[in-house]
Every structure is written in structure tokens, then in C-alpha cells.
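These notes are about the structure you will find just below.
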Amino acid sequence: MEAALITRAPFGVAPDGLAVELFTLRRPGGIEARICTYGGIIVSLKTPDRNGRLDDVVLGCDDLAGYLALSPYLGALVGRYANRIAQAAFTVDGVKYNLAANNGPNALHGGRKGFDKAVWQAAPVGTGARLVLSYLSKDGEEGYPGNLSVEAAYSLTEDHGLRLDFTATTDKTTVVNLTQHAYFNLAGGGDVLGHEVQIDADRFTPVDATLIPTGELRPVAGTPFDFRQPMAIGARIEQDDEQLKRGQGYDHNFVLNHPTGRLDVVARVREPGTGRVLEVLTTEPGVQLYTGNFLNGAVKGKDGRVYGRRSGFCLEAQHFPDSPNQPAFPPVTLKPGEVFRSTIVFRFPQHG
Ligand code: GLA
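In case it helps, this note's numbering puts the sequence shown at residues 19 to 370.
Shown next as C-alpha cells:
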């Protein structure tokens, strides 16, 4: 296969006056991804259906103004701590750190101005390229300790994947949990209830009324959270189940069966109408299945599209929500001298 191509173009100016750029990564005969430096957002991701027809399979906006106006993390990189931290506080080395409570009493997705709203710096690109974005999150930014130097490298793989490699280092002990918040719709429109999801997880982390994990690792067997065999998102989503009610649908972290640190396929989604398949690979111990329960048509979507409730789903590879306050969960502390590493791949296997 021919090498990947990468091109760049201006994409407007962020509120802090920084110029934003849009990069296009393309492999002839393969998928095409457009990524902007504001939030490291995947603006579009075009993949072929069973007849070779390219469609954009991610929700997003036509221009930067759309993302600035209102975006529930559409396609964005999320940090310094993805998902929730209970009561917007945690303690590291005996010091309590307070964060902004931006989701009821809790902190969500890095705070008021998380990594999704930062303008990332793009390294010069060559051919065969990786798009390397970097961001320095200053000591005390959004309440988190330590200067955190983050790198997010996007590349296209030979097997039709968009790969994202994160690395991060700190100069003070801190907590880190990074993810990619793309909303997918493999049909290119409509709701996602017919998409069939499979997740390699025997357990999930049930939540309290504010969507903070209770600490229990609950078996999925016999619950609407059993995705060990492919199941349509809509098959059980309206069941009379306390957990589904709390999330207003699926908004839960799954405890992946694979060993943390190894890059494995952990989830697979198939859209029967188009035959499109998405495989999610990660090194992370968890994945949040979020079924767009809070989408309400407010976002001005691409080409005048209205993104209604459940018109997209997310599979956010991550460490478990609220880990800084849950000693039994896999650890999320990063110390000076250590290197945080995490990989996520969205792969679109092609039909024979
Ligand atoms: C995550 C959360 C959801 C919601 C979305 C963004 O997936 O778990 O509750 O906040 O992000 O709207």
C-alpha cells in the first residue's frame, strides 16, 4: 500500500487568539481523517461501506465556530482526567486538590477548560506521516498539580485504522487519564440503536445517581450490560434497570478482560445496513460506552445535521472514572521521571 499523505490548512482562530489548523491524513484506497489542533478534534473520518462508498462516520461541526459554540466533546481529546472525579477533589501525597465542579457535584473531563478546548501545537509533518500534537498543561491548571507535558500522535495504519498514541510526563506527582471522545454513527445518519456492539468485558462499574462508580465490579452476566456477544444498542436500552436509568441509557465504564498495557481489540461495532465495522483497540483497562443520551439537537452539526438523542455513540478507552478516589481501581498517578503511555486505535476492517 502507498504511504499516508498529510496536508494542512487554516481552520480559524481560537478565543485565546491562537491560530487553529486542520490536518488531513489520507491513505490512497483507505480511510481519510481530518484533525484540527483545537482540542485535537477528529473533525471527520471517512471510511468505505461494503460497496466502497466513503461516508463520514463521526459527529462534528462544519467549522471551528461550531465547536466553539457548543460541543459535548465531539471528537475531542479529553484530559487531564477523562470522565468524573467525585466531589471534584482528590488527594495526592497527602495534599488535597480541588477542581471545578462542572457536572453536578463532580468534575468532568478535565474541568472548565480541559484538553478538549486547548489549542495543541503541531510538529512539522513529512510524508508517511504522523501528526504529532503537543500540549503543556501548566502546574495548577484546572486545579491539577504538576506541569504535564502531553503528546498525542495520530497516524493511519495499513489496516484501515486511525491510531492515537499518547505520552505524558510531569514534574510533580499528578493524576492522568486521557481519552478520545469521538461520537460514531456508522450509518452516516439517524440514530445508533441498530448498531450491534460487542465488548470484551465480564464486568462493569455500576454508578451512583451522579454517575460516580460505587466501587463494585459487577458481573455483566444477566444484565443489559452483557455485550460479550454482539447486541444491538437499542435491544435493552429501555429496560427497567436502575443503572440504565441513572445513565439515561448506557454511560458506563466496562472492565476490560485484556491485560492492561497490551494493545488488543476490546470492542467491535457493526452497522447492519452499511456493513461497516468499527474495532476499538486499546492498552487501557476500561472503556466507557456512552450512547449519546444527552444529545438534544442543540449542536449545529455538519451539513445542517441535527444530532438528536442517541444519534452517536462513544467508546472512550480510559482508566476507570474516579480512580483518584478509589484505591482498588487501577492506579492513575504519574510521578516525575515516569512516562505515561496509552494507545487507542479506531479500525475499520474492509470486506474481502
Ligand atoms: C462522557 C460522560 C457522559 C457525558 C459525555 C459528554 O461520556 O460519561 O456522561 O458527559 O461524556 O456529554
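Where is the CB? At the ideal position from N, CA and C, for every residue including glycine. Being a predicted model, the structure only gives us computed values, none of them experimental.
Given this structure, state the Cα-to-Cα distance separating residue i from residue j, to the nearest angstrom.
i, j, result
"residue 39", "residue 239", "46 angstroms"
"residue 359", "residue 310", "28 angstroms"
"residue 257", "residue 241", "10 angstroms"
"residue 90", "residue 254", "25 angstroms"
"residue 279", "residue 361", "9 angstroms"
"residue 370", "residue 68", "Residue placement at residue 370 is poorly supported in this model, since its pLDDT is 46, which falls under 50; the coordinates are not used for a value here."
"residue 99", "residue 243", "24 angstroms"
"residue 170", "residue 182", "6 angstroms"
"residue 334", "residue 112", "30 angstroms"
"residue 226", "residue 202", "27 angstroms"
"residue 74", "residue 235", "36 angstroms"
"residue 351", "residue 165", "14 angstroms"
"residue 287", "residue 248", "8 angstroms"
"residue 125", "residue 47", "42 angstroms"
"residue 24", "residue 142", "11 angstroms"
"residue 331", "residue 157", "33 angstroms"
"residue 86", "residue 323", "17 angstroms"
"residue 118", "residue 338", "19 angstroms"
"residue 147", "residue 173", "7 angstroms"
"residue 344", "residue 110", "12 angstroms"
"residue 122", "residue 129", "12 angstroms"
"residue 93", "residue 308", "13 angstroms"
"residue 275", "residue 31", "43 angstroms"
"residue 346", "residue 57", "31 angstroms"
"residue 53", "residue 59", "5 angstroms"
"residue 45", "residue 22", "4 angstroms"
Count the other CB atoms, across all protein chains shown, that sit within 10 Å of the CB of residue i; report buried if there are 16 or more and exposed otherwise.
i, result
"residue 71", "exposed"
"residue 155", "buried"
"residue 66", "buried"
"residue 328", "buried"
"residue 263", "exposed"
"residue 114", "exposed"
"residue 354", "exposed"
"residue 260", "exposed"
"residue 35", "exposed"
"residue 270", "buried"
"residue 340", "buried"
"residue 285", "buried"
"residue 297", "buried"
"residue 302", "buried"
"residue 314", "exposed"
"residue 27", "exposed"
"residue 3", "Because residue 3 is not part of the residues shown, which for the chain are 19 to 370, the question remains open."
"residue 228", "exposed"
"residue 134", "buried"
"residue 97", "buried"
"residue 177", "exposed"
"residue 304", "buried"
"residue 37", "exposed"
"residue 348", "exposed"
"residue 224", "buried"
I'd like to confirm the pairing. Which residues does DSSP put opposite residue i in its beta bridges?
i, result
"residue 331", "202"
"residue 91", "DSSP lists no partner for residue 91."
"residue 140", "151"
"residue 179", "365"
"residue 167", "154 and 187"
"residue 64", "50 and 74"
"residue 96", "197"
"residue 287", "215 and 296"
"residue 221", "237 and 273"
"residue 103", "125"
"residue 192", "352"
"residue 336", "304"
Which residues mark the beginning and the end of the beta strand (DSSP E) in which residue i is found?
i, result
"residue 114", "113-116"
"residue 271", "269-274"
"residue 304", "304-308"
"residue 29", "23-31"
"residue 325", "Segment: none, residue 325 is in no beta strand (DSSP E) and carries neither H nor E."
"residue 41", "37-44"
"residue 130", "Neither: residue 130 is in no beta strand (DSSP E) and is coded neither H nor E."
"residue 214", "214-217"
"residue 80", "First-last for residue 80: undefined, no H or E at that position."
"residue 108", "107-110"
"residue 300", "294-300"
"residue 244", "Taken as a continuous stretch (DSSP letters only), residue 244 belongs to no beta strand (DSSP E), as it is neither H nor E."
With respect to the alpha helix (DSSP H) encompassing residue i, which residues constitute its N-terminal and C-terminal limits?
i, result
"residue 263", "260-265"
Closer than 7 angstroms: is that where the CB of residue i sits relative to any heavy atom of the ligand ATP?
i, result
"residue 79", "The ligand ATP is absent from the structure shown, which contains only the ligand GLA."
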